[in-house]
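Here's the structure, in structure tokens; my notes come after.
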Amino acid sequence: MTGRRRSFWSNVAAVAYKEASLVRHDKALLATVFAQPVMMFLLMGFALSNKPADVRWAVLDQSNTTLSRRLVQEIQATGYFVTPRPVWSHEAGRQLLLQGDALAFLVIPKDFRRNVERGRPQVQVLVDGSDPLQAARVGAYIGEVVARFDLPHAAGAVAGASRPPLAVSTAGPVDMRQRFWFNPTLLDRTFFLAALAGMLLTNLCMSVTSGGLVAERESGTYEQMLALPTTPIELVLGKLVPYVGLSYAVFLFATIAPGVVFGLWPHGSWLALILVTLPFVLASLAVGVFVSTLAHTSAQSVFITVFFILPSFVLSGVMFPYQFMPRGVREVGGLFPLRWYQIALRRIIERGAGLVDVAGPLLALIVLFAVILSAIRWRMKPRLG
Amino acid sequence: MNWRRLRTLIRREILATFRDPFTMTILVTVPLAALLVFGFVLSTEVKGLRLGVVDAARSSASRRLIAELGAKGTFVPQPFNTRAALEAALVAGNISAAIVIPPDFDRDLRAAGVARERPQVQVIYDGGEATLAGNAEGFLRTLIANTSAAVLADDGVGAGRGIEVVTRALFNPTLDGTPFMVSGTFGFVLSFLTVLITAVSIVTEKITGTFEQLQVTPATSLEILLGKILPMGAVFALDVVLMVLVAGLVLHVWPRGSVVFFVLVSSFYVLVSLGLGLIISATSATAAEAVQKSVLFSIPLVQLSGFAFPIRSMPRFVQWIAEVFPATHYIRVSRAIYMRGEGPITLLPELALLLLFGILLVGYALRTIEARR
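These protein sequences, in sequence, are chains A and B.
Positions 596 to 980 (the working numbering) are the ones given, in order, by the first sequence.
Positions 1218 to 1590 (the working numbering) are the ones given, in order, by the second sequence.
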């Protein structure tokens, strides 16, 4: 029993050694391992954001009063907009929207001032729905400014001191104090970077292993390995070990770089972070191995890998919040290891969770790893029989 | 240029492509899968978001506010008795946003006009999910501002506060994310898949030696190049038609503008990206290298081309980089035709740019092939 176990581990170690010496000489692979993390880090840290900025908009101010001009100013004061483009007709404004030269179009009617006095003022906002995410937010920004636009105060200011200082409030009837926990300025950067390790490791693990078995089959070393007294599982585990080391190096980069550059250090437990990474790396590597058992040529394995990575990025929630996805799609995303890993990452890094809080995702990752491992075993058996 | 030779080369390429069932499968399944995955994934509708509520006021106005928040299905209010319980739920990720209504909410609200403190409502979001929080913020702000104004108006206190906004989204009234993503997916598939397929096919030919055989035939570089990209272009043009049909029939997204114009522009864009694929493969020694280059190239493609993230929200210098990708311009054109129904005249500048990219890339590809002979 112990003898069997010892030979198991020594077999794994032998295969691992062979694989590690291969990795060391693969220049193209090492370039990817180094270039990709840096590129992704720069993009997510500096470039990407869902927050509307420099929004181009048009204003048709038929009222043309101090009051209406103040409304326009207030909207601009939110900081999301550039100076509005004045237009003189509905058609001109619609044309700007049509050409994509404006994202929003505010129409202040002729009788705006009079309606303010009567108490039924109304303005119209047209947004370009072709970019719904931006449109929803821009519409809401304008809507909120307009809704809390303080009429008595503004009107009072217009009419000079003739009005009693009825409204001491400066903004709407309710004082809304809002706070964004875990990410006070609501930076998209925090959102993306928290999941950076997940994205990098998915790319790395899948691409290093997926070609592996196929390449061995193509070069004939697979047959040689079959002749050895190693079982398929020993072979697979041995092939995975060096990549686990490489993965942890990438993981450390993805965790430390945001900390050093942006001050985004994990709030929670490092131990939990390191622990939850292991089953994720193993599961991702195993998926790569499984892909390579499906493919007949390296080119095929590459295609299958790329088209596994893609949906796992899209559906797991690292880029788009999975809470937005419709029912069935959301569940499909749960089949990807990245979904559970990113949940754990966000909990630990952003919300400061400990090991207990990520027990669920951890368990899910272990189950996924076990399932994939048995799938590999099933795929490799007939060839070894 | 000899038409007979070119015809033979095209025939050869078509036969080679159709003989390989794997490539055919990829060519059909990947565009459709991408369409479905991306089509479903983005929705701006904040729906069924769990909103923790601590209602210390327990008054008619506060209950009305909470009911109003839950009414549209945007939020599902979940009552909490204490603030501590609420905060714990936020940390555990059980709720995405929270609202705390103070005990004297009603009194302060009604008295707001008369030199008193305005009632304070505290709203906390889970900023960890930045996109979600950003969208929820907009909804909550507007809802709270409107509801409290309505409560006051009904009471006859401070009626007339606030302005009614009539917001309408043109081109996409329900702000559905599907058309946005579908029209962008064309850009993604036609940029990424074309580059990857050409890269792999040429490198495979290099390995088996058939590419060298081609180069010693009397065929000129231009003929070899056209013999490669024209049949591939035709296959991808079929892909475009297939995608338009599936997007229309399954996802109910049809182009608002002219379908013929869209297919024409897309087919031209395919040639541009095939040129890029040729350059990548001509400069790669192995299939793995070509693939890694294509994948590296695809990262900025997805993230900077405006496919998923707004270009105007990027820093200025990154915006300039984004403008250098042909994909950025194609996606812009694709969205304009699909969603706003724009025609060739308003799109002229973008189309001219695409043409320029095409000439540059195909010219450069020709030179690399020439140089390697």
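Virtual Cβ for every residue (Gly too), placed ideally from N, Cα, C.
Start and end residues, beta strand (DSSP E) containing residue i
i           : result
Val-953(A)  : That residue, Val-953(A), is in no beta strand (DSSP E); it is neither H nor E in DSSP.
Trp-652(A)  : 652-656
Gly-1269(B) : 1266-1272
Val-718(A)  : 717-723
Phe-700(A)  : 699-703
Leu-1554(B) : The sequence shown places Ile at residue 1554(B), not Leu. Counting along the chain, Ile-1554(B) falls outside any beta strand (DSSP E), and DSSP gives it neither H nor E.
Asp-1343(B) : 1337-1343
Gln-819(A)  : Premise fails: Gln-819(A) lies in the alpha helix (DSSP H), 816-822, not in any beta strand (DSSP E).
Between the CA atoms of residue j and residue i - distance to the nearest angstrom
i           : j           : result
Thr-892(A)  : Ile-851(A)  : 37 Å
Trp-1537(B) : Arg-812(A)  : 45 Å
Leu-1568(B) : Ala-697(A)  : 20 Å
Ala-1353(B) : Ala-1553(B) : 28 Å
Leu-1571(B) : Val-1254(B) : 27 Å
Ala-766(A)  : Ile-737(A)  : Residue placement at Ala-766(A) is poorly supported in this model, since its pLDDT is 45, which falls under 50; the coordinates still yield a value, given next. So the two alpha carbons sit approximately 14 Å from each other.
Ala-731(A)  : Gly-883(A)  : 39 Å
Thr-1545(B) : Val-610(A)  : 46 Å
Trp-935(A)  : Val-1458(B) : 37 Å
Thr-1563(B) : Ile-1548(B) : 15 Å
Ile-1414(B) : Val-897(A)  : 11 Å
Gly-1492(B) : Leu-958(A)  : 47 Å
Arg-1584(B) : Gln-694(A)  : 37 Å
Ser-764(A)  : Leu-1326(B) : Its pLDDT being 33, under 50, Ser-764(A) is placed unreliably by the model, and nothing is read from it.
Pro-759(A)  : Pro-716(A)  : For Pro-759(A), the predicted structure reports a pLDDT of 35, less than 50, and the residue's modelled location is therefore unreliable. The matter cannot be settled from this model.
Arg-1236(B) : Phe-1478(B) : 31 Å
Val-962(A)  : Val-702(A)  : 56 Å
Leu-638(A)  : Phe-846(A)  : 17 Å
Arg-743(A)  : Val-924(A)  : 38 Å
Val-606(A)  : Lys-613(A)  : Note on identity: in this sequence residue 606(A) is Asn, with Val being the wrong assignment. Those two C-alpha atoms are separated by around 11 Å.
Ala-939(A)  : Val-953(A)  : 6 Å
Thr-816(A)  : Ala-810(A)  : 9 Å
Ile-1227(B) : Leu-1349(B) : 50 Å
First through last residue of the alpha helix (DSSP H) which encompasses residue i
i           : result
Trp-935(A)  : 932-944
Leu-905(A)  : 893-911
Ala-1314(B) : Taken as a continuous stretch (DSSP letters only), Ala-1314(B) belongs to no alpha helix (DSSP H), being part of the beta strand (DSSP E) at 1314-1318.
Leu-868(A)  : 865-889
Gln-690(A)  : 685-693
Val-831(A)  : 827-857
Asp-621(A)  : No alpha helix (DSSP H) contains Asp-621(A), which DSSP labels as neither H nor E.
Asp-1456(B) : 1438-1466
Gln-1509(B) : 1504-1521
Pro-1472(B) : Taken as a continuous stretch (DSSP letters only), Pro-1472(B) belongs to no alpha helix (DSSP H), as it is neither H nor E.
Gln-671(A)  : 661-671
Any chain C beta carbon closer than 9 Å to residue i
i           : result
Ala-1309(B) : The displayed structure is made up of protein chains A and B, and chain C is not among them.
Among the options, nearest to residue i - alpha-carbon criterion
i           : options                                            : result
Thr-1234(B) : Glu-1422(B), Leu-1266(B), Asp-1321(B), Leu-1495(B) : Glu-1422(B)
Gly-1401(B) : Asp-726(A), Ala-849(A), Leu-655(A)                 : Asp-726(A)
Pro-1527(B) : Pro-853(A), Leu-960(A), Val-733(A), Ala-615(A)     : Val-733(A)
Ile-944(A)  : Pro-1543(B), Glu-1346(B), Gln-1509(B), Val-1519(B) : Glu-1346(B)
Ala-608(A)  : Asp-706(A), Ala-653(A), Gly-793(A), Glu-829(A)     : Glu-829(A)
Ser-1313(B) : Leu-1357(B), Leu-1249(B), Met-1531(B)              : Leu-1357(B)
Gly-1394(B) : Val-1245(B), Ala-1274(B), Leu-1232(B), Phe-1524(B) : Phe-1524(B)
With a cut-off of 8 Å, do at least 3 Cβ pairs link the stretch 857-874 of chain A to the stretch 803-823 of chain A?
-> In short, these stretches do not touch, since the Cβ pair count stays below three.
Within 7 Å of chain B by C-beta, residues of the stretch 625-648 of chain A in sequence order = For the stretch 625-648 of chain A, the set of positions with a beta-carbon nearer than 7 Å to some beta-carbon of chain B reads Thr-627, Ala-630, Gln-631, Met-634, Met-635, Leu-638, Phe-641, Ala-642, Leu-643, Ser-644, Asn-645, Lys-646, Pro-647, Ala-648 in chain order.
Validate contact between the stretch 1278-1294 of chain B and the stretch 911-918 of chain A using beta carbons, cut 8 Å, 3 pairs = Segments in contact, no.
For the stretch 680-687 of chain A against the stretch 706-715 of chain A, are there 3 or more C-beta pairs whose distance is under 8 Å?
-> Contact between the stretch 680-687 of chain A and the stretch 706-715 of chain A is absent: fewer than 3 CB-CB pairs across the two stretches fall below 8 Å.
Where the stretch 886-909 of chain A meets chain B: residues whose CB sits under 7 Å from a CB there | Within the stretch 886-909 of chain A, the residues whose Cβ lies closer than 7 Å to some Cβ of chain B are Ser-893, Ala-894, Gln-895, Val-897, Phe-898, Val-901, Phe-902, Pro-906, Val-909, listed in chain order.
Residues of the stretch 667-696 of chain A with a CB closer than 8 Å to any CB of chain B: list them in chain order, please.
-> Residues Arg-689, Leu-692, Leu-693, Gln-694, Gly-695.
Taking only beta carbons into account, state which residues of the stretch 725-742 of chain A come closer than 8 Å to chain B, listed in chain order.
-> Flagged, chain order: Ser-725, Asp-726, Pro-727, Leu-728, Gln-729, Ala-730, Ala-731, Arg-732, Gly-734, Ala-735, Tyr-736, Ile-737, Gly-738, Glu-739, Val-741, Ala-742.
Sufficient close CB pairs (3 or more, under 8 Å) joining the stretch 1432-1441 of chain B to the stretch 1406-1424 of chain B | Here the stretch 1432-1441 of chain B makes no contact with the stretch 1406-1424 of chain B; the two share fewer than three CB pairs at distances below 8 Å.
Name the residues in the stretch 1526-1557 of chain B whose C-beta lies less than 7 Å from a C-beta of chain A; which are they?
-> Under the 7 Å Cβ criterion, the stretch 1526-1557 of chain B contributes Phe-1526, Pro-1527, Arg-1529, Ser-1530, Met-1531, Pro-1532, Val-1535, Arg-1552, Ala-1553, Met-1556, Arg-1557.
Pull out every residue of the stretch 1563-1586 of chain B whose Cβ sits closer than 8 Å to any Cβ of chain A, in chain order.
-> Residues Thr-1563.
According to a CB-to-CB cut-off of less than 9 Å, which residues of the stretch 934-965 of chain A neighbour chain B?
-> Here the close residues are Ile-938, Arg-941, Arg-942, Ile-944, Glu-945, Arg-946, Gly-947, Ala-948, Asp-952.
Taking any Cβ of chain A, which residues in the stretch 1219-1232 of chain B have a Cβ under 8 Å from it, in chain order?
-> Result list empty, no residue passes.
How about the stretch 786-803 of chain A and the stretch 628-640 of chain A: do they share at least three Cβ pairs that are nearer than 8 Å?
-> Yes: the two stretches touch, three or more of their Cβ pairs being nearer than 8 Å.
Against chain A: residues of the stretch 1348-1364 of chain B by CB proximity under 9 Å = Per Cβ criterion, the list reads Thr-1348, Leu-1349, Ala-1350, Gly-1351, Asn-1352, Glu-1354, Gly-1355, Phe-1356, Leu-1357, Arg-1358, Thr-1359, Ile-1361, Ala-1362, Asn-1363, Thr-1364.
Give, in chain order, every residue of the stretch 1445-1465 of chain B whose Cβ lies closer than 7 Å to some Cβ of chain A.
-> Correct list: empty, as no residue qualifies.
Residues of the stretch 1515-1526 of chain B whose Cβ lies closer than 8 Å to any Cβ of chain A, in chain order | Within the stretch 1515-1526 of chain B, those residues whose Cβ lies closer than 8 Å to any Cβ of chain A are, in chain order, Ile-1516, Pro-1517, Gln-1520, Leu-1521, Ala-1525, Phe-1526.
Looking at chain B, which residues of the stretch 844-874 of chain A have a Cβ within less than 7 Å of any of its Cβ atoms?
-> Residues passing the 7 Å Cβ filter: none.
Does the count of Cβ pairs from the stretch 672-682 of chain A and the stretch 640-660 of chain A closer than 8 Å reach three?
-> Contact annotation: the stretch 672-682 of chain A touches the stretch 640-660 of chain A, with at least three C-beta pairs closer than 8 Å.
Using a beta-carbon distance cut-off of less than 8 Å, what residues from the stretch 1232-1256 of chain B approach chain A?
-> Within the stretch 1232-1256 of chain B, the residues whose Cβ lies closer than 8 Å to any Cβ of chain A are, in chain order, Phe-1239, Ile-1243, Val-1247, Ala-1250, Ala-1251, Val-1254, Phe-1255.
Closer than 7 Å, Cβ to Cβ, to anything on chain B: give me those residues from the stretch 703-720 of chain A, in chain order.
-> Taken in chain order, the members of the stretch 703-720 of chain A whose beta-carbon sits within less than 7 Å of a beta-carbon on chain B are Gly-714, Pro-716, Gln-717, Val-718, Gln-719, Val-720.
Below 9 Å between beta carbons is the criterion; list the residues of the stretch 1421-1434 of chain B that meet it against any residue of chain A, in chain order.
-> So the close ones are Thr-1421.
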